[in-house]
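Residue numbers (the working numbering): 70 to 208.
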């Protein structure tokens, strides 16, 4: 399980932040695509992602996941104090001895200062806030 405060090998992520409850997370952005290099995988793989925040529900609803260009259909439910996405990656998307790359894609990123009409001065382009990513063999 990759937590928000650990080093992430990828692009399209802001540095870790901590919310009022102590949850550490990373925002996606400023671009629409954020990627993360995963350890080598084999066989069907379950990917779970804990989302602790989003700049708009439209962005959360637009979220797409893929590994090595293969789209991962996922279910979304509440759990662990966040929204949890869970999807299974088929073995055919994996290349032997290669590190797979997870890509999170949103339709757009927005600035909090624009969404809150100036009440939040944050000018970063944000998508969704990721608290953790978990990868395990599918059952």
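Built from N, CA and C at the ideal position, the CB exists for glycine as well.
query                                                                                                            : result
Presumed contact (8 Å Cβ cut-off) between residue 73 and residue 201, rounded CB distance                        : 7 Å
Burial state of residue 104, where buried means 16 or more other Cβ atoms lie within 10 Å                        : buried
Per-residue DSSP class, three states only, for residue 169                                                       : coil
Whole-number beta carbon distance between residue 194 and residue 179, since they are thought to touch under 8 Å : 7 Å
Beta-bridge pairing of residue 103 - partner residues as DSSP gives them                                         : 173
Cβ-based burial, residue 95 [other Cβ within 10 Å; buried from 16]                                               : buried
Collapsed DSSP secondary structure at residue 126 in the structure displayed                                     : helix
Where residue 161 falls: helix, strand or coil (DSSP)                                                            : helix
Touch test, the stretch 109-122 against the stretch 145-160, Cβ-Cβ under 8 Å, three pairs minimum                : yes
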